[in-house]
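What follows is a short report on a single structure.
Numbering (the working numbering), first residue to last: 2 to 99.
Below, the structure written as structure tokens:
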């Protein structure tokens, strides 16, 4: 597994939303949905969150050959529709890096 690096922005967002490092790692390791990130060369992963699954935890990561950088993490208050899925090749590559 690639070593995780945390940006100051991601650490601040985790404190704001009261997300633990372990919870963010769990979203990265077992995502419910994987999509292209908003920023260039990033991937966004999501897991439903809450008693009635009325919220979602999103994590944006950027991969390089030797490391995985956590760019941001946030809780979305509601459900989002699935966007354009990533190609199977990229998803397979992402899972192999775990």
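All C-beta atoms in this analysis are idealised placements derived from N, C-alpha and C, irrespective of residue type, glycine included.
Item                                                                                                                                                  : Value
Given a threshold of 16 other Cβ atoms within 10 Å of its Cβ, counted over all protein chains shown, does residue 74 qualify as buried or as exposed? : buried
Indicate whether at least one CB of chain B lies closer than 8 Å to the CB of residue 46.                                                             : Reference to chain B is not applicable here, since this structure consists of a single protein chain.
Can you look up residue 44 in the DSSP assignment and give me helix, strand or coil?                                                                  : strand
For the region 3 to 37, list the alpha helix (DSSP H) runs that are entirely contained and at least 4 residues long, ordered along the chain.         : 9 to 18 and 22 to 30
For the beta strand (DSSP E) that residue 64 lies in, which residues bound it at each end?                                                            : 56 to 64
Pick out whichever of 6, 30 and 14 has its Cα sitting closest to the Cα of residue 77.                                                                : 14
Using the Cα positions of residue 82 and residue 4, report the straight-line distance between them to the nearest angstrom.                           : 31 Å
Give the secondary structure of residue 74 by DSSP, where H, G and I count as helix, E and B as strand, and everything else as coil.                  : strand
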